[in-house]
Amino acid sequence: RDPGRGQGLAGIRRYLARWDGKIAIRSGTARIAIVPQWDDDVPLKEGLAAFPGAQVLIIIPEQGSTKR
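Using my numbering, the first residue of the sequence shown is number -10, and each one after it goes up by one.
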């Protein structure tokens, strides 16, 4: 382990938990996600079309918006 490295995803997870956000990571034939209550997505989806590399989705909802 390199000193001062790592724990990046853990930090992102804590941040998203604080702001009720979502993260989904797709690689190969599967996608895993941390799904907030406002989303109806599934935490794990397998059997997707093959995807070379990795794809990351992060959603941080707007907080305290006012209705116009």
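Where a beta carbon is used, it is the ideal one built from N, C-alpha and C, also for glycine. Computed from a predicted structure; not experimentally measured.
TODO: Report the partner residues of I23 according to the DSSP bridge assignment.
DONE: DSSP output for I23 lists I12 as bridge partner(s).
- [ ] Throw me the rounded Cβ distance for the P32 and V45 pair, which I believe falls under 8 Å.
- [x] That pair is no contact at about 16 Å.
Open item on the list: For a quick check, are the C-beta atoms of T14 and A43 less than 8 Å apart?
Closed with: Per the sequence shown, residue 14 should be read as Ile rather than Thr. Yes. Within cutoff.
TODO: Decide if R(-6) is buried, meaning its Cβ has at least 16 other Cβ atoms within 10 Å, or exposed.
DONE: Classification of R(-6): exposed, given that the 10 Å Cβ count is below 16.
- [ ] Look up R57 in the DSSP assignment and say whether it is helix, strand or coil.
- [x] Because the pLDDT of R57 is 48, which lies under 50, any placement of that residue in the model is unreliable, and the number read from its coordinates should be weighed accordingly. Coil.
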